[in-house]
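K.L.:
Counting in our numbering, the sequence shown runs from 2 upward without gaps. Glycine is no exception: its CB is placed at the ideal position from the N, C-alpha and C atoms. Quantities reported herein were computed from a predicted structural model and do not represent experimental measurements.
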Amino acid sequence: MKRMLLLIIFVLIFIMSCSLPQINLTQAPETPTSIAVTPTDTAPPPLPTPELGLAENPLILALPPSSNSQEQIEGAKVLASQFKERTGYEVVTVIPDSYAALVDALEKGNAHIVLLDPLSYELAYQKGLVQAAFAVVKDGKTTYGSQFIASRKGGFKSYFDPITQTNTADASEALAQFADKKPCWSDETSPSGYVIPLGYLNKNQIQTSPAAFVQGHPTVVRSIYAGGICDFGATYIDARKFPSLEDQYPDLMEQVILVWQIPEIIPYSILAFSTNMPQPMRDLFTNIILAIMQTDDGKAAFKSAFDIEELLPVNDAYYSDFHEYVDESKIDLSALIK
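1. With a threshold of 8 Å, are at least 3 pairs of Cβ atoms found where one atom belongs to the region 278-296 and the other to the region 241-260?
2. In whole angstroms, what separates the C-alpha of GLU311 from that of VAL138?
3. Where do the ends of the beta strand (DSSP E) carrying TYR145 lie?
4. When the Cα atoms are used, what is the spatial distance from LEU130 to SER121?
5. Give me the Cα-Cα distance between LYS85 and GLU75, rounded to the nearest whole angstrom.
6. CA-CA distance, GLY146 and ALA180?
7. Where does VAL38 fall in DSSP's three states?
8. Nearest by alpha-carbon distance to LYS158: which of ASP232, LEU107 and ILE238 is it?
9. Take GLU329 and list the residues in its own chain whose beta-carbon comes closer than 6 Å to its own, dropping the five residues that flank it on each side.
10. Which residues does DSSP pair with SER341 in a beta bridge?
11. DSSP puts CYS231 in a beta bridge; with which residues?
12. What do you reckon, are the CB atoms on ASN277 and HIS113 nearer than 8 Å?
13. If PRO119 and PRO251 are in contact, beta carbons under 8 Å, what's the gap, nearest whole angstrom?
14. If we count the other Cβ atoms within 10 Å of its Cβ and call it buried at 16 or more, is THR165 buried or exposed?
15. Identify, in the order they occur along the chain, each residue of the same chain with its Cβ nearer than 7 Å to the Cβ of THR94, setting aside the five sequence neighbours on each side.
16. From what residue to what residue does the beta strand (DSSP E) around GLU265 run?
17. With DSSP as the reference, please indicate the residues paired to ASP162 in a beta bridge.
18. Is GLU52 buried or exposed, if buried means 16 or more other CB atoms sit within 10 Å of its CB?
19. What runs of the beta strand (DSSP E), each 3 residues or longer, lie entirely inside the region 67-119?
20. Does the contact criterion of 3 or more C-beta pairs under 8 Å hold for the region 243-250 versus the region 97-114?
21. List the endpoints of the continuous alpha helix (DSSP H) containing LEU199.
22. Closest to ALA125 by CA distance: which of ILE271, THR167 and TYR237 is it?
23. Counting along the chain, where does the beta strand (DSSP E) carrying ILE61 start and finish?
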């Protein structure tokens, strides 16, 4: 009986174990179903640039890089104050380290009213950064010329009439005699002693020998007078009359001849506005500057800050011949202007 009871218990345990579900102890728990979440927080949009002329984004009046006297700085502050009083726009003043830095500031929107030398103006103009507003007037003129000179002993012919002060032939004829000859240039940054004369030679397809840069217009004259350095050169009008030269070489005017004179196409300094200034703002400042120049305090401030005594309203077309011959020179102004 006891054996029978144990057998029945064993059979029941066996049957129950076969019916229980199996559990895999190494199985990872089921991954919960993921729910897509659409983010509702996004980065805030950038704040708009404040309007030009407000305190947060003032107009910048840039002095020339050479400005270092307290008189210049005070003159610029007077002008900035006058601009604010007459227009309501905030204006601050800066002094860039160089003309290259000034052009870079224009490109970055960090300069708006600027006085530029001819080549810096041309570079900024080529980049579309400025619009000429005023030509600086010196001795009643806004531009000046240049001249080609050569040694009489070299057999060169003059095509300039000193009595009428006019050329007697066009550039192509007068300058053809310089083909394969060696020029003396003043320096690479001189509009009258290098850039524009080179433009005239290139325009007329006159190829020369490699040039000598002799550093200075009087040095160009001396080099031609001495001979053996170069065959011809270019200077401002008329570098032959530089005082020390006339004293040193009494026959210089006879021995160094004026071959041909480049017309007065080279600007003195140009007061220009950044093209970042809206046209109505540029027009407003043009009128304001003219008004300021009519006052004693305004004229004194322009004289102190920029050494300007007289301005003539102009536009970029006023310098069209200058643009043309700088372009003909094929000089990379970006590499030239430091």
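P.N.:
According to the data block:
1. no
2. As a first step, residue 311 is located in the sequence shown; it is residue number 310 there, counting from the start. As a first step, residue 138 is located in the sequence shown; it is residue number 137 there, counting from the start. Between GLU311 and VAL138, the C-alpha separation is close to 5 Å.
3. Here the question's residue 145 lines up with position 144 in the sequence shown. Note, TYR145: beta strand (DSSP E), 144-152.
4. Translated into the one-based positions of the sequence shown, residue 130 becomes position 129. Translated into the one-based positions of the sequence shown, residue 121 becomes position 120. Taking the straight line from one Cα to the other gives about 11 Å.
5. Along the sequence shown, read from residue 1 onward, the residue named residue 85 stands at position 84. Along the sequence shown, read from residue 1 onward, the residue named residue 75 stands at position 74. Each residue's alpha carbon lies about 15 Å from the other.
6. Position 145 of the sequence shown holds residue 146. Position 179 of the sequence shown holds residue 180. Each residue's Cα considered, the two are about 22 Å apart.
7. Working through the sequence shown from its first residue, we reach residue 38 at position 37. Bear in mind that a pLDDT of 39 at VAL38, under 50, signals an unreliable position, so the number given afterwards is only what the model happens to contain. For VAL38, the secondary structure class from DSSP, reduced to helix, strand or coil, is coil.
8. For the purposes of this step, residue 158 is taken as residue 157 along the sequence shown, with counting starting at 1. Per the Cα distances, ASP232.
9. Taking the first residue of the sequence shown as position 1, residue 329 is located at position 328. Only GLY200, ASN203 and LYS204 meet the Cβ criterion.
10. Residue 341 lies beyond the residue range present for the chain, which begins at 2 and ends at 339; the question has no answer from this structure.
11. Here residue 231 corresponds to residue number 230 of the sequence shown, with the count starting at 1. Note: CYS231 sits in no beta bridge, so no partner.
12. Your numbering for residue 277 matches position 276 in the sequence shown. Your numbering for residue 113 matches position 112 in the sequence shown. Against a cut-off of 8 Å, the Cβ pair of HIS113 and ASN277 comes out as a contact.
13. Taking the first residue of the sequence shown as 1, we reach residue 119 at position 118. Taking the first residue of the sequence shown as 1, we reach residue 251 at position 250. Between PRO251 and PRO119 the Cβ distance is about 34 Å, and since that is not below 8 Å, they are no contact.
14. The residue you call residue 165 lines up with position 164 of the sequence shown. It counts as exposed.
15. Residue 94 sits at position 93 when you count from the first residue of the sequence shown. Around THR94: LEU62, LEU64, ALA77, LYS78 and ALA81.
16. Taking the first residue of the sequence shown as position 1, residue 265 is located at position 264. Taken as a continuous stretch (DSSP letters only), the beta strand (DSSP E) holding GLU265 covers 257-268.
17. Within the sequence shown, residue 162 is the residue found at index 161, counting from 1. Note: ASP162 is bridge-paired with THR167 in the DSSP secondary-structure output.
18. Locating residue 52 in the sequence shown gives position 51, counting from the first residue. GLU52 is exposed by the Cβ-count criterion.
19. Runs of the beta strand (DSSP E) inside the region 67-119: 92-95 and 114-117.
20. no
21. The residue labelled residue 199 in the question sits at position 198 within the sequence shown. That run of the alpha helix (DSSP H) goes 197-204.
22. For the purposes of this step, residue 125 is taken as the residue at position 124 of the sequence shown. Nearest option by C-alpha distance: ILE271.
23. The sequence position of residue 61 within the sequence shown is 60, counting from 1. Start and end: 60-63.
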